[in-house]
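**Q** The structure follows.
Numbering (our numbering), first residue to last: 4 to 227.
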């Protein structure tokens, strides 16, 4: 009698799948997002995305430099001129009661781990510059922006999970969600590479100037 061999489940993919299921149940659970990232970090999709990311102007230099900065002091940053990136970022973070160090640490061992850490470090700066809010619709709009900019698998998984959850629990919101996803992808495709920017060295620069330089269009309000 022959036994059927069951292929061993890749532990990393299992971690990613667990994160996806947990995220669908609770979109506010950031640990689920980090599980997905870690589960797909060594995937072929991530390797191809890294090639794409480094092909963009200015990004390969940032990656080689391993540019990272200390956690910003929101109390000091909010003293920046009104309308500046520093002021708008700090104001949004304080209003939402967000912690700039919310993200799970990543040990930088190669180019991909650096990119993933830098994206985590600057995630809320991206929110500020693009104008996408931090509700579900704004978050998935930003994920679509990130997908266009990086081709990383995480935004795809998050968008798919968000669509599935909305389809099951709140189908009336599908139009709004799809509108934000389409808008985010279009904005990300047109904008200059966000990963090439040293935001923290130019907190005083006005948000409007940043947007003009990077080709970021104003995020329109959703109209049903």
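No residue lacks a Cβ here, since even glycine has one placed at the ideal position from N, Cα and C. Since this is a predicted model, take the numbers as computed values, not measurements.
#1: Report yes if the C-beta of residue 137 is less than 7 Å from at least one heavy atom of the ligand HEM; otherwise report no.
#2: If you draw a straight line from the alpha carbon of residue 124 to that of residue 60, how long is it in whole angstroms?
#3: Do you know whose CA, among 94, 141, 168 and 89, lies nearest residue 183's CA?
#4: Decide if the segment 96-107 is in contact with the segment 160-176; the criterion is three or more beta carbon pairs, one per stretch, under 8 Å apart.
#5: Between residue 194 and the rest of its own chain, which residues show a CB-CB distance below 6 Å, the 5 nearest in sequence each way excluded?
#6: Starting from the Cα of residue 275, find the closest Cα among 156, 206, 223 and 99 and give me that residue.
#7: Would a C-beta distance cut-off of 8 Å place residue 135 and residue 187 closer than the cut-off?
#8: Taking only runs that begin and end inside the segment 77-109, name each unbroken alpha helix (DSSP H) of 4 or more residues, in chain order.
#9: Flag this pair as touching only if the segment 62-78 and the segment 112-130 have three or more C-beta atom pairs under 8 Å; answer yes or no.
#10: Between which residues of its own chain and residue 151 is the CB-CB distance below 6 Å, once the five residues before and five after are set aside?
#11: Measuring only the C-alpha atoms, how far is residue 110 from residue 67?
**A** Considering the structure as presented:
#1: With respect to the ligand HEM, the structure shown offers nothing to examine, as it has no ligands at all.
#2: Sequence index remark: in the chain shown, residue 124 carries index 121 (1-based). Sequence index remark: in the chain shown, residue 60 carries index 57 (1-based). Roughly 20 Å between the two C-alpha positions.
#3: If you number the chain shown from 1, residue 183 lands on position 180. For residue 183, the nearest C-alpha among the options comes from 141.
#4: no
#5: The residue labelled residue 194 in the question sits at position 191 within the chain shown. If we look at residue 194 and ignore the five residues flanking it on each side, its Cβ neighbours are 217, 218 and 219.
#6: Any answer about residue 275 is impossible in this case: the structure gives the chain only from 4 up to 227.
#7: Here residue 135 corresponds to residue number 132 of the chain shown, with the count starting at 1. Here residue 187 corresponds to residue number 184 of the chain shown, with the count starting at 1. A contact, by the Cβ cut-off of 8 Å.
#8: Fully enclosed alpha helix (DSSP H) runs of 4 or longer: 77-80 and 88-99.
#9: yes
#10: Indexing the chain shown from 1 puts residue 151 at position 148. In chain order, 188, 191 and 192 place their CB closer than 6 Å to the CB of residue 151, counting only its own chain and leaving out the 5 sequence neighbours on each side.
#11: As a first step, residue 110 is located in the chain shown; it is residue number 107 there, counting from the start. As a first step, residue 67 is located in the chain shown; it is residue number 64 there, counting from the start. Computed Cα separation, rounded: 16 Å.
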